[in-house]
Amino acid sequence: MNRRLVDYNPEGYGTEGEALLFGAIQRRPTVGSAEFAELELASAFLDTGNPTELGVLIDRLIRYGSIKAGNPIRDQLARALGTCLVPKASAIRGLLSTHEIILPGSQAELAAESAERIFGAELEGLSGEDQEFETARLFVRFALEAAGVAARARPGHSPAVVAAFAERTAARRYAPGLIGTVKPNYPGFRLRRAVRRTFV
């Protein structure tokens, strides 16, 4: 028998041919840079203390979301989208009660229920801090999606119309509880049909 076959021990070699002394190499799962950025932005959202910091963070979210979508956003459109997102961000930020113990029937529990209703997520089994972080993460996903939709919009439309459309589209996907509060800033189906009938 060939000496190389006798010396070969499949349990002693890894998938890339490296010699193993004590079994398989433990590989850590790799987390993508997009997920790291999302976690970092959610942490920054929790750290905002005043409306100015919140506005700066929203601008950062919009810029990052548009670059992630592959098309840097125009300044006028970024301002219009920021005008739409800042009130939502301050409302969500108001729901978060950092480091409070959640007692049954307390304001913090009502805030967690509101966050569940807004984002359509189940936060019941999580601790208070985890509920806050998950809520912040869901808002970051919503804002990044809105920025991506706005960045991919064709030029030629009003920035306010594009921003309202992007916010509504992102709300459908990530924050369905906001759809009732996000007013469309463009003509709906019935209005277009009524206008069509008057000119036909």
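Going by our numbering, the first residue of the sequence shown is number 1, and it counts up by one from there.
Idealized CB from N, CA, C, for every residue including glycine.
Keep in mind it's a predicted model, so treat the numbers as computed, not measured.
Measure the alpha-carbon distance for residue i versus residue j and round it to whole angstroms.
| i | j | result |
| --- | --- | --- |
| residue 55 | residue 170 | 19 Å |
| residue 58 | residue 83 | 9 Å |
| residue 132 | residue 143 | 17 Å |
| residue 157 | residue 34 | 29 Å |
| residue 101 | residue 53 | Residue confidence is low: residue 101 scores 42 on pLDDT, short of 50, so the model does not pin down where it sits. No coordinate-derived value is stated. |
| residue 50 | residue 88 | 14 Å |
| residue 129 | residue 141 | 18 Å |
| residue 125 | residue 119 | 16 Å |
| residue 127 | residue 155 | 45 Å |
| residue 81 | residue 123 | 28 Å |
Which residues in the same chain have their Cβ closer than 6 Å to the Cβ of residue i, if we skip the five residues on either side of it in sequence?
| i | result |
| --- | --- |
| residue 117 | 177 |
| residue 78 | 62 |
| residue 115 | 95 and 135 |
| residue 72 | 66 |
| residue 179 | 171 |
| residue 69 | 148, 151 and 152 |
Using a Cβ-Cβ cut-off of 8 Å (strictly less than) and excluding sequence neighbours within five positions of residue i, which residues of its own chain qualify?
| i | result |
| --- | --- |
| residue 232 | Because residue 232 is not part of the residues shown, which for the chain are 1 to 200, the question remains open. |
Rounded to the nearest angstrom, how far is the Cβ of residue i from that of residue j, given a contact under 8 Å?
| i | j | result |
| --- | --- | --- |
| residue 46 | residue 96 | 7 Å |
| residue 92 | residue 139 | 5 Å |
| residue 121 | residue 134 | 7 Å |
| residue 150 | residue 161 | Going by Cβ atoms, the distance from residue 150 to residue 161 rounds to 10 Å, so no, they are not a contact pair. |
Tell whether a beta-carbon distance below 9 Å holds between residue i and residue j.
| i | j | result |
| --- | --- | --- |
| residue 147 | residue 63 | yes |
| residue 201 | residue 175 | Since the displayed the chain opens at 1 and closes at 200, residue 201 lies outside it and no answer follows. |
| residue 159 | residue 60 | no |
Under the rule that 16 or more other beta-carbon atoms within 10 Å means buried, what is residue i, buried or exposed?
| i | result |
| --- | --- |
| residue 173 | exposed |
Leaving out five residues before and five after residue i in sequence, what residues of the same chain have Cβ atoms less than 7 Å from its Cβ?
| i | result |
| --- | --- |
| residue 44 | 57 |
| residue 90 | 51 and 54 |
| residue 48 | 54, 57 and 93 |
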